[in-house]
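**Q** For reference, the structure I am asking about is given below.
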Ligand code: DC
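Residue numbers (this note's numbering): -7 to 263.
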């Protein structure tokens, strides 16, 4: 299936004029290294909360796949630039969930295009617009990636940084590839992940690092359901703390009364 054949749909952030006046959407950032479980968690959080979900890694993967399709080198901006233009015109949910984006070749290419500052800049505006005005008039957005909490949405309401041991991450990716009928050995997957970790963590622009205010969640030994419950617990605790803080501030200045607004935030999220 060729990327160029994808149809344009309405998978675009709502325009500002669509936004409900005064309604600020909740933004949840989920960052972490390859196969850490961040995508699974982010998707489940979005489902649970009824929010829009954006897999930002898939954006880099789509750019890499389009570059390879037109015979370009993912490490060269002059080859990648035309691919970005194709992707921007053809961005659809189908494109971002295409299993062909998960092949080892595209994974390697994605790590290379993601190291180009021009590519990061070109994708930044789309990601920010998605977070502020998610499609579908929903109450919030969950974005997963490497630099969501640090660069794309530094003001996100909640930030998670998801980790797992490198062996556990390689095991998960190996199983995923086998289910997709890719034939590769565990050792190759492990080496690929280590190489991509090294490139993603040491690149000069937006390296994979936990934001200072991120909650670090190690998913080694946790099932996806346990990871989700842990994350929901963090969200609930953070909003309860905000509620207490707001109530305390209001109590000392005006005798109380505004704590209800923060409580509504937690209630609105139904966590
Ligand atoms: O999360 P993933 O494995 O699908 O990401 C693919 C590549 O894109 C990976 O090498 C890291 C890069 N990436 C990034 O640099 N910034 C993001 N926000 C998301 C992904």
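Even for Gly, the Cβ is constructed at its ideal location relative to N, Cα and C.
By how many angstroms is the C-alpha of residue 136 removed from the C-alpha of residue 88?
**A** Taking the first residue of the chain shown as 1, we reach residue 88 at position 96. Taking the first residue of the chain shown as 1, we reach residue 136 at position 144. Approximately 13 Å, taken between the alpha carbons.
**Q** Of all the alpha helix (DSSP H) runs that stay within the bounds of the region 85 to 109, which reach a length of 4 or more residues?
**A** DSSP runs (the alpha helix (DSSP H)) wholly in the region 85 to 109: 85 to 88, 96 to 105.
**Q** Exposed or buried, residue 129, counting other C-beta atoms within 10 Å across all chains shown (16 or more means buried)?
**A** Within the chain shown, residue 129 is the residue found at index 137, counting from 1. By the 10 Å Cβ count, residue 129 comes out exposed.
**Q** I'd like to know if the region 49 to 61 and the region 105 to 117 are in contact, where contact means that at least 3 CB-CB pairs between them fall below 8 Å.
**A** yes
**Q** Assign residue 236 to buried or exposed, taking buried as 16 or more other Cβ atoms, counted over all protein chains shown, within 10 Å of its Cβ.
**A** In the chain shown, the residue the question calls residue 236 occupies position 244. Label assigned to residue 236: exposed.
**Q** DSSP state of residue 19, grouped into three classes?
**A** Counting from one through the chain shown, the residue named residue 19 turns up at place 27. Strand.
**Q** Among residues of its own chain, excluding the 5 on either side of residue 181, which ones have a beta-carbon nearer than 6 Å to its beta-carbon?
**A** Residue numbering aside, residue 181 sits at position 189 when the chain shown is read from its first letter. Closer than 6 Å at Cβ, skipping near neighbours: 162, 165, 166.
**Q** Rounding to the nearest angstrom, what Cα-Cα distance links residue 19 and residue 71 in this structure?
**A** If you number the chain shown from 1, residue 19 lands on position 27. If you number the chain shown from 1, residue 71 lands on position 79. C-alpha separation (whole angstroms): 33 Å.
**Q** For the ligand DC, is there any heavy atom lying closer than 7 Å to the beta carbon of residue 38?
**A** Taking the chain shown and counting its residues from 1, the one referred to as residue 38 is at position 46. No, the ligand DC has no heavy atom inside 7 Å of this Cβ.
**Q** Just mark residue 17 as buried or exposed, buried being the case when its beta carbon has 16 or more other beta carbons within 10 Å.
**A** Counting from 1 along the chain shown, the entry for residue 17 is found at position 25. Buried: at least 16 other Cβ atoms inside 10 Å.
**Q** For the ligand DC, is there any heavy atom lying closer than 7 Å to the beta carbon of residue 89?
**A** The residue given as residue 89 occupies position 97 in the chain shown. Checking the Cβ of residue 89 against the ligand DC gives no.
**Q** Counting C-beta neighbours from all protein chains within 10 Å, is the total for residue 111 16 or more, i.e. buried, or is it exposed?
**A** In the chain shown, counting from the first residue as 1, residue 111 sits at position 119. With 16 or more Cβ atoms within 10 Å of its Cβ, residue 111 is classed as buried.
**Q** Report all residues from its chain with a CB closer than 8 Å to the CB of residue 144; omit the five preceding and five following residues, and keep chain order.
**A** Here the question's residue 144 lines up with position 152 in the chain shown. If we look at residue 144 and ignore the five residues flanking it on each side, its Cβ neighbours are 21, 48, 116, 119, 120, 123, 135, 137.
**Q** Sorted by chain position, which residues of the same chain lie with C-beta nearer than 7 Å to residue 24's C-beta, five sequence neighbours on each side aside?
**A** As a working mapping, residue 24 is identified with position 32 in the chain shown. These residues qualify, in order along the chain: 30, 153, 154, 155.
**Q** Give a yes or no on whether the C-beta atoms belonging to residue 37 and residue 220 are separated by under 8 Å.
**A** Position 45 of the chain shown, counted from the start, is the residue given in the question as residue 37. Position 228 of the chain shown, counted from the start, is the residue given in the question as residue 220. In contact: residue 37 and residue 220 (Cβ atoms closer than 8 Å).
**Q** Taking only runs of the beta strand (DSSP E) that begin and end inside the region 40 to 90, which ones reach a length of at least 3 residues, in chain order?
**A** Inside the region 40 to 90, DSSP marks whole beta strand (DSSP E) runs of 3 or more residues at positions 44 to 47, from first to last along the chain.
**Q** With DSSP as the reference, label residue 175 as helix, strand or coil.
**A** Numbered from 1 along the chain shown, position 183 holds the residue referred to as residue 175. Residue 175: coil per DSSP, three-state reduction.
**Q** Which same chain residues, not among the five before or five after residue 189, have their C-beta less than 8 Å away from its C-beta?
**A** Reading the chain shown from its first residue, position 197 is the one you call residue 189. Counting only Cβ-Cβ distances below 8 Å, and skipping sequence neighbours, we find 25, 26, 158, 200.
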